[in-house]
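Here is the structure we will look at, set down as structure tokens.
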Amino acid sequence: MKKVLELKNVHTYYGHIHALKGIDLEVGEGEIVTLIGANGAGKTTTLRTISGMIHPREGEVLFEGVAVHHLPAHQIVKRGVGHVPEGRRIFPRLTVEENLEIGAYLQNDRQEIERRKAEVFELFPRLAERRRQLGGTLSGGEQQMLAIGRALMQDPRILLLDEPSMGLAPVLVDVIFETVAELNKRGKTILLVEQNALKALEVAHRGYVLQTGEITLAGPAKELAQNEEVKKAYLGG
Amino acid sequence: MLEVLIQLLPSVLLEGLILGFVYAMIALGYTMVYGVLELINFAHSEIFMSGAVAGAETFILLKAAVPNPFILLALAILIGGAVAAIVAILVERLAYRPLRRRGTTNRLVPLITAIGASFFLQDLVRLIEGLWHNAFYRRYPSFEVFEATYTLPNLLGSVIILLTLWIVFWVLAYFAYWIYRAATGTKGVSRRASRGLWIASLVLTLLVAVIDRGTVFGDLGLTIQMKSILVVVISFAMLYGLNWLVHKTKLGIAIRAVAQDAQTASLMGIDPDVIITYTFLIGGFLGGVAGVLFGLLYTLVHPYVGFIPGIKAFTAAVLGGIGNITGAALGGLVLGMLEMLGGTYLTFLTNGAMGTEYKDILAFAILIFILLFRPQGIMGEQVGEKV
Ligand SMILES: Nc1ncnc2c1ncn2[C@@H]1O[C@H](COP(=O)(O)OP(=O)(O)OP(=O)(O)O)[C@@H](O)[C@H]1O
Ligand SMILES: [Mg+2]
């Protein structure tokens, strides 16, 4: 399988805080890989390091075989990394449609933009109904749909999702996970960060367990779900 | 006396509106930069000045070669705007960007830098002009077509009077009612009461119109000069163009996205530095054009000409709600009109004891008053949200 993304011995710091202590991770083409771990383990930091919002002090991030960890975020995005950040980060005073348009900032072909928009609206009909509404006035679930839709407008080679189910009602959590599976079926490669380890391991092919900045376990999702340690720590017994 | 006050109203407000358009265009530069960088670009008054001076040079240099004053004005606007835009971009590159790169978090540092850039630009222009002409005052040439005066229909004056009276009555009534509510221990004004006040003040206005119909519908002698018409038309076109750019183009959406959340904008593939450069370019161009229009209206320009209009326009931006584009335009218009009202009525009411040199007192007193009620500005959001 072709590797889309590879992290080799990545160390990331916030000032003196050593947040990532030598992460090794890879995502193959067409895979859903999940990264699970407790609060403060470094999941968000891992995604931020991949998309260039913070730069590692040591180690390498390879995207399709090319080192990208020294590039600024906007250039990494250009290569095909779509990042749905923690907390959605919708542009509150842009309309739903403008949020989507800005997702396709790098695309100049109007027809292609319209095609992608139609696809997002097909995936999330709720957004189509609210296209003229300001992003900041959407409900939490709608904002999450918009955040995912906005990243899809980039038609990224890999989609990084940071806790897409956070703070959502159970029905919506299911909708989001179904969407993740559906996107993968349509060919998207996905790196999914989740607190909801049970659901994440259900939908993913492989998983990594992150603990205070280090990968402590890795393997096929089904095996991780059966692992005693994982069960005890993340699956509620 | 009341009659004279009413009679003066349309021409005073018209003058104020014309000046207000100039303020509005300068104010946009402050507000747009604040929107994306949360920085008050105090050098903006000198960006305006460089446009004004470049416009004067264009007029003077090309006067012989280009006999048509309108084409000449168009060239001066293009060159004045372009020079100001380039100066704005250079200020950003050389003064602000290095500070951003170092991750300076102290808000005072860029502020001091801005003030430094201001002084630097004043003296640089003075040096250039001094070496070039041996003098740093420049005059916009006057053209007969631009000075030509046109009489406006009396009806327009009547409409202006009625609208103004209505607004003034409403403000007074609203304020009185607000004090009454506060005194009786309740807060705010309900929607229904507010509508009632609108209607009551309209009735009062119509009453005045009927009683004093001789003045209100009489001969008001409202006139306007060609150059003022040009200022209004050009400013209006530019404000309209800016509105279109900010709301309908990809660049405009990107500017607003960066203003709201630069980090997330970079996740959309937007290079925030590019957007910041465009913001300075647009704000600088508008400021430079405002400089040329200012020169057209007031003739004399020099390296220190930016200070007063700059402060006024900054105030207008705050009045409108800093970071808000529509607010800046409105704030400029309001400030221009207040200033003219202050100038005329203060002289008149004090029998000349306080001349036009005190005009800003009234204007700024009213400003402080408005900001007491709406600290976030006319169009501003509650603290925590921007552009
Ligand atoms: N901007 C920052 N400055 C300093 N320390 C930070 C910063 N962001 C994160 N950290 C620290 O880095 C560590 C990893 O944080 P991170 O946000 O990556 O965790 P996480 O696994 O995403 O947690 P959660 O599940 O709560 O989102 C934490 O100890 C956190 O306190
Ligand atoms: Mg996190």
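Chains as they are written, first to last, in this note's numbering: chain G, 74 to 310; chain W, 153 to 539. Even glycine gets a Cβ: it sits at the ideal position worked out from N, Cα and C.
Strictly under 8 Å for the Cβ-Cβ distance: is residue i near chain G by that measure?
i, result
"W/A236", "no"
"W/D371", "no"
"W/T416", "yes"
"W/Q274", "no"
"W/M184", "no"
"W/G536", "Per-residue confidence for W/G536 stands at a pLDDT of 37, beneath the threshold of 50, marking its modelled position as unreliable; the derived number appears in the next sentence. For W/G536, the answer is no, since every Cβ of chain G falls outside 8 Å of its Cβ."
"W/M531", "no"
"W/Q528", "no"
"W/R408", "yes"
"W/G421", "yes"
"W/K402", "yes"
"W/I434", "no"
"W/I477", "no"
"W/L523", "no"
"W/I520", "no"
"W/D413", "yes"
"W/L170", "Here residue 170 of chain W is Ile; the residue named in the question, Leu, does not match the sequence. So no, W/I170 is outside the interface."
"W/I474", "no"
"W/I405", "yes"
"W/V539", "Since pLDDT at W/V539 reaches only 45, below the 50 mark, its modelled position is unreliable, and no value is offered."
Count the other CB atoms, across all protein chains shown, that sit within 10 Å of the CB of residue i; report buried if there are 16 or more and exposed otherwise.
i, result
"G/G176", "buried"
"W/Y302", "exposed"
"G/Q217", "buried"
"W/F466", "buried"
"W/T210", "buried"
"W/V383", "buried"
"W/A515", "buried"
"W/S387", "buried"
"W/G324", "A small fix is needed here, since residue 324 of chain W is Leu in this sequence, not Gly. With fewer than 16 Cβ atoms within 10 Å of its Cβ, W/L324 is classed as exposed."
"G/E202", "exposed"
"W/W396", "exposed"
"W/L496", "Here residue 496 of chain W is Thr; the residue named in the question, Leu, does not match the sequence. Classification for W/T496: buried."
"G/Y281", "buried"
"W/F610", "With chain W covering 153 to 539 only, the question about residue 610 of chain W has no answer from this structure."
"W/I477", "buried"
"W/K339", "exposed"
"W/F173", "buried"
"W/N286", "exposed"
"G/G213", "exposed"
"W/L501", "exposed"
"G/E215", "buried"
"W/H454", "buried"
"W/S418", "buried"
"G/L173", "buried"
Check the DSSP bridge columns for residue i and list the partner residues they point to.
i, result
"G/L233", "G/H156, G/L264"
"G/R279", "G/V106, G/P293"
"G/I149", "G/I149 pairs with nothing; no bridge assigned."
"G/E99", "G/E79"
"G/F136", "G/L78, G/V139"
"W/T375", "W/T303"
"G/Y87", "G/I90"
"W/R291", "W/L452"
"G/Q284", "G/E287"
"G/L207", "G/T168"
"W/E296", "DSSP output for W/E296 lists no bridge partner at all."
My guess is that residue i and residue j are in contact by the Cβ rule of under 8 Å, so how many angstroms apart are they, rounded?
i, j, result
"W/I474", "W/Y186", "5 Å"
"W/L374", "W/S163", "6 Å"
"G/Q284", "G/G132", "Going by Cβ atoms, the distance from G/Q284 to G/G132 rounds to 18 Å, so no, they are not a contact pair."
"G/A19", "G/T107", "Outside the shown range of chain G (74 to 310) lies residue 19 of chain G, about which nothing can therefore be said."
Mind checking if residue i is an interface residue toward chain W, Cβ cutoff 8 Å exclusive?
i, result
"G/Q227", "yes"
"G/E174", "yes"
"G/L167", "yes"
"G/H278", "no"
"G/P237", "no"
"G/V77", "no"
"G/E187", "no"
"G/Y87", "no"
"G/P158", "yes"
"G/S212", "no"
- Message: Could you tell me which whole alpha helix (DSSP H) segments of length 4 or greater appear in the region 166–195 of chain G?
- Response: For the region 166–195 of chain G, whole alpha helix (DSSP H) runs of length 4 or above, ordered along the chain, are 169–176.
- Message: Quick check on the DSSP output: what are the complete beta strand (DSSP E) runs of length 3 or more inside the region 221–245 of chain W, in order along the chain?
- Response: Taking only runs of at least 3 residues, no beta strand (DSSP E) segment lies wholly in the region 221–245 of chain W.
- Message: Which runs of the alpha helix (DSSP H) at least 4 residues long sit entirely within the region 172–217 of chain W? Give them in chain order.
- Response: The region 172–217 of chain W is shown to contain whole alpha helix (DSSP H) runs of 4 or more residues at 196–214, in chain order.
- Task: Run through the region 406–480 of chain W for me and flag every whole alpha helix (DSSP H) of 4 or more residues, listed as ranges in chain order.
- Result: Runs of the alpha helix (DSSP H) lying entirely within the region 406–480 of chain W and spanning at least 4 residues, in chain order: 414–418, 424–450, 459–472.
- Message: What ranges does the alpha helix (DSSP H) occupy inside the region 296–357 of chain W, keeping only unbroken runs of at least 4 residues that lie completely in it?
- Response: Taken in chain order, the whole alpha helix (DSSP H) runs of length 4 or more contained in the region 296–357 of chain W are 296–299, 306–335.
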